Amino acid sequence: MTGKLSIKAGFRAVDEVYSSFEEEVRGFRTGQACKSGCAFCCSHAGSIDVTTLEGLRIRGLIQKFSRSRQKSLEKSLFREVRHREKNLVVPCPFLMKNNVCMIYEIRPFSCRRIYSLHTCTKENPPRVNRKVMDKGEEEIKRLQEIDSTGYLGHISYILHMLDAPGFLDTYMGGGFDPGKIVVFGKSHNIVINQKMTL
Ligand code: SF4
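Under the numbering used here, residues 19 to 216 are what the sequence shown spells out, in order.
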């Protein structure tokens, strides 16, 4: 959790970061090649990092999906964790067959910050303005500060952690116990957010 903030206030603070980023970089994105149905970034992303707080909201939405969708997503997330552990890049588990994101409305900042000024191919990855990249880095720090008792890591790993009862209880109680994730955290490049505010 966010320590001093309630979950709802934390979600609002996250949304403010998303909105202010979109507002500030709008001018740089004029002429972007991105359009509905293009899922290059969702299929070739090295890592889709989310804070625990962003992950918690995504988890809440998953719990509202039909049981069959939840089951199939569970399998995709599990498969993706295994693939990533072998350093294989596979399409995001939230990408549907029609190339639409099933959590689009609450997609994490990692997805919001990426765009391209040309149509992407494997040989020609996204081209992003440097100022947008720099602004994105600043916003990630803000998201980590908001989620000061949480963590930052690849979406499937954070969701995996949130499914661990011991972890979720500590986090939801506003507690902070990095010792509980030290092995998983180190082996999966999970960053402790609290380092940002100490
Ligand atoms: S969460 Fe959605 S937008 Fe982000 S990579 Fe996955 S499918 Fe794409």
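Note that the Cβ used here is the ideal one computed from N, Cα and C, for glycine as well. Quick caveat, the model's predicted, so the values are computed rather than measured.
Worksheet item: Given a threshold of 16 other Cβ atoms within 10 Å of its Cβ, counted over all protein chains shown, does L79 qualify as buried or as exposed?
Response: Sixteen is the threshold: since fewer than 16 other Cβ atoms of the shown chains lie within 10 Å of the Cβ of L79, the residue is exposed.
Worksheet entry | Range of the contiguous alpha helix (DSSP H) that encloses G184 | Unbroken alpha helix (DSSP H) run through G184: 183 to 190.
Worksheet item: Whole-angstrom Cβ separation of R160 and V43, contact assumed at under 8 Å?
Response: About 14 Å separates the beta carbon of R160 from that of V43, a gap too long to meet the 8 Å contact definition.
Discussion item. On the CB-based measure, 16 or more other CB atoms within 10 Å of its CB, does P183 come out buried or exposed?
Written reply: It is exposed - the Cβ of P183 has fewer than 16 other Cβ atoms within 10 Å.
Worksheet item: Looking at L113 and A57, is the spacing between their C-beta atoms short of 8 Å?
Response: Cβ atoms of A57 and L113: closer than 8 Å.
Discussion item. Bridge partners for G169 per DSSP, in chain order?
Written reply: Here the sequence assigns Tyr to residue 169, which means Gly is not the residue at that position. Per DSSP, I210.
Discussion item. Could you tell me the alpha carbon to alpha carbon distance between I176 and N117, rounded to whole angstroms?
Written reply: Taking the straight line joining both Cα atoms gives about 23 Å.
Practice prompt. Pick helix, strand or coil for V32, following the three-state DSSP scheme.
Written response: DSSP places V32 in helix when its eight states are reduced to three.
Item to complete: Taking 8 Å as the threshold, find out whether the region 66 to 78 comes into contact with the region 137 to 149 through three or more Cβ pairs.
Response: Flag = no, the region 66 to 78 and the region 137 to 149 do not touch.
Practice prompt. Please work out which residues of its chain come closer than 6 Å, Cβ to Cβ, to A51, disregarding the five sequence neighbours upstream and downstream, and give them in chain order.
Written response: Excluding sequence neighbours, A51 sits near S134, H136, T137.
Worksheet item: To which residues of the same chain is G171 closer than 7 Å at the C-beta, ignoring the five residues directly before and after it?
Response: Within the same chain, G171 has close Cβ partners D67, H206, N207, I208, V209.
Worksheet item: For the beta strand (DSSP E) that D152 lies in, which residues bound it at each end?
Response: Per DSSP, D152 lies in no beta strand (DSSP E); the unbroken alpha helix (DSSP H) holding it starts and ends at 148 to 164.
Discussion item. Please return the same chain residues whose Cβ sits closer than 8 Å to the Cβ of L216, not counting the five positions on each side in sequence.
Written reply: Its pLDDT being 48, under 50, L216 is placed unreliably by the model, and the measurement read from it follows with that caveat. The answer is none, since no qualifying residue turns up.
Worksheet entry | Residues near Q162 by beta carbon distance below 7 Å, same chain, minus five either side | Answer for Q162: T69, L170, N211, M214, listed in chain order.
Worksheet item: P109 and C60: beta carbons closer than 8 Å?
Response: Taking 8 Å as the cut-off, the Cβ atoms of P109 and C60 count as close.
Discussion item. What does the alpha-carbon distance come out to for the pair P196 and V99?
Written reply: As the crow flies, the alpha-carbon of P196 is around 21 Å from that of V99.
Worksheet item: Exposed or buried, T139, counting other C-beta atoms within 10 Å across all chains shown (16 or more means buried)?
Response: Counting Cβ neighbours within 10 Å, T139 comes out exposed, since fewer than 16 surround it.
Discussion item. Using only the alpha-carbon positions, how far apart do E141 and D33 sit?
Written reply: Distance between the alpha carbons of E141 and D33 is about 34 Å.
Worksheet item: So who's on the other strand from V68, going by DSSP bridges?
Response: In DSSP, V68 forms a bridge with G171.
Discussion item. Given this structure, state the Cα-to-Cα distance separating F185 from P144, to the nearest angstrom.
Written reply: Using only the alpha carbons, I get a separation of about 36 Å.
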